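Q: Got a structure here, written out as structure tokens. Questions coming.
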Amino acid sequence: QVQMVESGGGLAQAGGSLRLSCAASGSIFRINVMAWYRQAPGKQREFVATISSDGSTNYADSVKDRFTISRDNAKNTVALQMNSLKPEDTAVYYCYSRTTSGYTYWGQGTQVTVSS
20 QVQMVESGGG
30 LAQAGGSLRL
40 SCAASGSIFR
50 INVMAWYRQA
60 PGKQREFVAT
70 ISSDGSTNYA
80 DSVKDRFTIS
90 RDNAKNTVAL
100 QMNSLKPEDT
110 AVYYCYSRTT
120 SGYTYWGQGT
130 QVTVSS
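20 is the number of the first residue of the sequence shown in this note's numbering; add one for each residue after it.
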């Protein structure tokens, strides 16, 4: 079992920045991939960014060059630095992990609101 707990988020103005963090606990030695997803009101949950255990990253086109995902394997955390925020970035952001066995785990979500 892996538990994911997010922190950060909140309210920002357009053009501003926020940083999300997520701490993993439990069977963390089995985690391979960590990622962030988001879900805006009335929309489906969508992929934001992912980082593998080897540090390779991938981003959704909508956040590329604005968001940066990072990972601290020693502390078992994953972060999402969000710059140049836009009102359309408003959503609940979820931390995600996948183990080497293919099990997936989600955090409880943290609200990000960007005002214009």
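Backbone N, C-alpha and C fix where the C-beta goes; we use that ideal spot for every residue, glycine too.
Only a predicted model underlies this, so the values are computations on that prediction, with no experimental measurement involved.
Taking 9 Å as the threshold (C-beta atoms), are I50 and V21 in contact?
A: yes
Q: To which residues does DSSP link D91 through a beta bridge?
A: T96
Q: Give the single residue among T109, V82, N77 whose Cα lies nearest to the Cα of G61.
A: Closest by C-alpha distance to G61, out of T109, V82, N77, is T109.
Q: Among G34, T129, R57, T123, which residue has its Cα nearest to the Cα of A79?
A: R57
Q: Return the chain-ordered list of same chain residues with a C-beta closer than 6 Å to the C-beta of S71, the five sequence neighbours on each side being excluded.
A: V52
Q: Which residues does DSSP list as the beta-bridge partners of E25?
A: C41
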